[in-house]
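Novice:
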Amino acid sequence: MYPERPAGIAYGGDYNPEQWPREVHEEDVALMREAGVNLVSLGMFSWALMEPEEGRHEFGWLDEIVDRLHAAGIAVDLATPTAAPPAWFTARHPDTLPVGRDGVRIGFGGRQNACSSAPAFREATARLVRALATHYRGHPAVVMWHVHNEYGAPLGECYCEHSVAAWRDWLRHTYRDLAELNDAWGTAFWGQRYTDWAQIDAPRHNHTAVNPAQRLDFARFSDGQHREHYALQRDILREITPGVPVTTNFAGTVNCKSTDLWQWARELDVVANDHYLKAEQPDNHIDLAMSADLARSVAGGEPWMLMEHSAGAVNWQPRNLAKRPGEMRRNSLAHVARGSDSVLFFQFRASRFGAEKFHSAMVPHAGAGSTQWREIVELGADLRRLAGVRGSRVRADVALVWDWESYWALELDWRPSVDLRFRERADAFYEALWREHVTIDFVHPSADMSRYRVVVAPSAYLLTDASAKNLHRYVEAGGNLLVSYFSGIVDEHDTIHPGAYPGALREVLGLSIEEFHPLREHETVAVTGGLDGRIWSERIHPAGAVAERAFASGPDAGHPALTRHDLGAGTAWYLATAPVTGLRELLAGVLDRAGVSRPRGLPDTLELVRRGHHLFLINHGDEPVTVEGVTGTGVFDGAHHDGPVTVAAGAVTVVEEQSPHP
């Protein structure tokens, strides 16, 4: 259920007028109208003003602002401010302050400073949300509800007494009895068998590794507690204001490890994501594309909302680099290209005080005479011209398997190598596909994959039997599956699948692995065909698969490094190392075999994405790029194209194509 208003692409951001006097509010609205702002998020951290003391609610100050915005034609995404409980609440309920894994209870003064499991916090939340929803029921400015803020960041897990009590209840609900729990957790190891539920504590900090199955379950539980807190608010809002969509903003799809967004998506009316560039990371626009593709995939391919990004520098990275001229425009339009129906910022006006006073904003400290403000106004005009993009979809022929539970499990203690990181392989494969000008979706390993020509599983360490069978069926039916090393190893309890590695994937890959041979730091091994591998090597024994390439040096010299297994109507590929270079070429071979069409001969500085009838061409390079075979009308300049289109260095061209692209 996407908000009906505003029409076209939503433009604006997080607005915090409580930080400013009334005369600035009036100036803000005038500036919003100049920039074409049509949606703002309001009240995000305003609990202390909405409820200055327990049970006494004051909304008059907010009414004045909401009414002023409405009179200016600006819609409101009204927040429940539960990410920032007020000082009076914490003083009355100090037990709601979260406790870290190290046993240290945090103090007041940040945000997300209350445990989602604490009864007093849930009761106060319900009281405030009910009052807020009742007060604004039927107000024409309020087009959407925004619950909380960035669940899971920075508070992922809490180890307080309320969490432990809820954890034991969760375990009783999850497992039929203690015998089942002991079996699932493998408590025969190190004599950890439990004979009473009260014996089970949270997996606190220890001087050695803690039971990985217990830690994996605690990650599931903790994420679920945050979803319960969200659902508590959502259900009240739906009861009092039916028909108004409810969402919460993800703390960056690819960057918030603690939230399983496949689970979260089921609870939201519309998926909303925040994304902030990693300023010092080379080619950070690829991480942006990855985050946007994952947001779209979590939304089931439907349009989603970019709820926050930055106009310039952020304030919390080691070195907060300002965006170069044109970079903010490229960032914004890349999100739209990949499915967002909004471009929203944190925040509208830069703060003069507080922890984020050096964070950029639509209106910077330099004011409306700045270059940044001029770029904001120009972007608003661009988005109005892109109104026809709203609601359209992005098509992908390739999918990348992504599972937060595998993410959690892979990065627990005592794995074969410290270099085994979920994002390391996922990022490598995504980047290679991006540079090959392939648009991808992300999928859960249990999802229907039949519409994809190629599915890549870069880091499927945890794989259930059901998901493994799903991949097997996909290949037999004609799919092309490419799997990277250390996949299919454990089940949902972090228990190794019986038999030789790769456990759940032995049959579909047509091979077994005798032994892992992790490589030393900076060590490489040669692979036939002119490749070098790093991080990983292993001893493969084909059982139906054929070797496409072999290790030429190292502990597995002469044994397969890349295999192909023809199974049914499809093919499963397995890559047993991390290529130093050449991953893109290996992927290109799989894509060609699968018949995946894509542009040829373009530099990998050009981002090319089709959304509905619109072709987005985003040039991240320092030289102009010419793209052949484009027919249609330029959205920004009205120019007719029938053949080559040249995109200037650092520029964005969007063409409404004359006919749908196949």
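Counting from 1, one number per residue, gives the positions in the sequence shown under UniProt numbering. Glycine included, C-beta positions come from ideal geometry on N, C-alpha and C. A quick note: this is a predicted structure, and the numbers were derived from the prediction, not measured.
Nearest to residue 8 by alpha carbon, out of 390, 656 and 568?
Specialist: Checking every option, the nearest Cα to that of residue 8 belongs to 390.
Novice: The alpha helix (DSSP H) spanning residue 290 covers which residue range?
Specialist: Its alpha helix (DSSP H) spans residues 284-298.
Novice: Could I get the ranges of all uninterrupted alpha helix (DSSP H) runs contained in the segment 158-222, with 4 residues as the minimum, in chain order?
Specialist: With a minimum length of 4 residues, the continuous alpha helix (DSSP H) runs that stay inside the segment 158-222 are 161-174 and 178-185.
Novice: Using a C-beta cutoff of 8 Å, does residue 439 count as contacting chain B?
Specialist: Chain labels in this structure do not include chain B; a single protein chain is all it has.
Novice: Three Cβ pairs or more, each shorter than 8 Å: is that satisfied between the segment 494-505 and the segment 576-596?
Specialist: These segments do not touch.
Novice: Residues in its own chain within less than 8 Å of residue 315 by CB, not counting five upstream and five downstream?
Specialist: Here the set comprises 355, 356, 357, 358 and 359.
Novice: Check whether the segment 65-75 touches the segment 33-45, taking contact to mean three or more Cβ pairs, one atom from each stretch, closer than 8 Å.
Specialist: Contact between the segment 65-75 and the segment 33-45 is present, because at least three Cβ pairs lie under 8 Å.
Novice: To the nearest whole angstrom, what separates the beta carbons of residue 258 and residue 201, a pair I think is in contact under 8 Å?
Specialist: Actually they do not touch by this definition, with Cβ atoms about 20 Å apart.
Novice: From 192, 304 and 544, pick the residue whose C-alpha is nearest to that of residue 271; which is it?
Specialist: The option with the nearest alpha carbon to residue 271 is 304.
Novice: Identify whether residue 9 lies in helix, strand or coil by the three-state DSSP scheme.
Specialist: Of the three classes helix, strand and coil, the one that applies to residue 9 here is coil, per DSSP.
Novice: By the three-class DSSP mapping on this structure, what secondary structure does residue 703 have?
Specialist: As displayed, the chain neither begins before 1 nor continues past 662, which places residue 703 out of reach and without an answer.
Novice: For the candidate residues 240, 198 and 66, whose alpha-carbon lies nearest to that of residue 137?
Specialist: The shortest Cα separation from residue 137 among 240, 198 and 66 belongs to 240.
Novice: In chain order, what residues of the same chain lie with their CB nearer than 8 Å to the CB of residue 648, ignoring the 5 residues before and after it?
Specialist: Result list for residue 648: 619 and 624, in chain order.
Novice: Counting pairs of Cβ atoms below 8 Å between the segment 203-219 and the segment 179-195, do you hit three or more?
Specialist: Verdict: yes, contact present.
Novice: Return the first residue and the last residue of the alpha helix (DSSP H) that residue 262 is part of.
Specialist: Run containing residue 262: 261-265, per the alpha helix (DSSP H) assignment.
Novice: In this structure, does DSSP put residue 606 in helix, strand or coil?
Specialist: Residue 606: strand per DSSP, three-state reduction.
Novice: Buried or exposed for residue 195, going by 16 or more other Cβ atoms inside 10 Å?
Specialist: Exposed.
Novice: Flag this pair as yes or no: are the beta carbons of residue 162 and residue 80 separated by less than 8 Å?
Specialist: No, these two residues do not count as a Cβ contact at 8 Å.
Novice: Would you call the segment 565-583 in contact with the segment 519-529, where contact means no fewer than 3 C-beta pairs closer than 8 Å?
Specialist: Yes: at least three Cβ pairs fall under 8 Å.
Novice: Could you check if residue 107 is buried or exposed, using at least 16 other CB atoms within 10 Å of its CB as the buried criterion?
Specialist: Classification for residue 107: exposed.
Novice: Assign residue 332 to one of three DSSP states: helix, strand, or coil.
Specialist: Note: residue 332 maps to helix in three-state DSSP.
Novice: Spell out a yes or no on whether the segment 425-433 and the segment 468-475 are touching, meaning 3 or more CB-CB pairs, one atom from each, closer than 8 Å.
Specialist: Cβ pair count under 8 Å is below three, so no.
Novice: Have a look at residue 371 and residue 247 and give me their C-alpha separation to the nearest angstrom.
Specialist: Rounded to whole angstroms, residue 371 to residue 247 spans 33 Å at the Cα level.
Novice: So which of 225, 657 and 404 has the shortest CA-CA distance to residue 121?
Specialist: When only C-alpha atoms are compared, the closest one is 225.
Novice: Under three-state DSSP, which class holds residue 632?
Specialist: Residue 632 falls in the strand class under three-state DSSP.
Novice: According to DSSP, is residue 484 helix, strand or coil?
Specialist: Here residue 484 sits in strand by DSSP.
Novice: In this structure, does DSSP put residue 495 in helix, strand or coil?
Specialist: Three-state DSSP puts residue 495 in coil, outside helix and strand.
Novice: Between 455, 130 and 461, which has its C-alpha nearest residue 481's C-alpha?
Specialist: Checked all of 455, 130 and 461; the closest Cα to residue 481 is 455.
Novice: Go through the segment 350-395 residue by residue and report every complete run of the alpha helix (DSSP H) that reaches 4 residues or more, in order.
Specialist: As far as the segment 350-395 is concerned, its whole alpha helix (DSSP H) runs of at least 4 residues are 371-385.
Novice: Would you check if the segment 595-611 and the segment 331-340 touch, i.e. whether three or more CB-CB distances between them fall below 8 Å?
Specialist: Short answer: they touch.
Novice: From residue 23 to residue 406, what distance separates their C-alpha atoms?
Specialist: Answer to the nearest angstrom: the Cα atoms are 52 Å apart.
Novice: Excluding five sequence neighbours on each side, which residues of the same chain lie with their C-beta closer than 6 Å to the C-beta of residue 485?
Specialist: So the qualifying residues of the chain are 536 and 576.
Novice: Would you grab the beta carbon distance between residue 542 and residue 510 for me? Rounded to a whole angstrom, and I think it's under 8 Å.
Specialist: With a Cβ gap of about 7 Å, residue 542 and residue 510 count as contacting.
Novice: Any idea what DSSP makes of residue 453, helix, strand or coil?
Specialist: Residue state, collapsed to three classes: coil.
Novice: Please determine if the segment 438-452 and the segment 367-387 are in contact, where contact requires at least 3 C-beta pairs separated by less than 8 Å.
Specialist: Counting Cβ pairs under 8 Å, fewer than three are found: no touch.
Novice: I need the boundaries of the beta strand (DSSP E) containing residue 550, first residue and last residue.
Specialist: Segment 546-550, the beta strand (DSSP E) holding residue 550.
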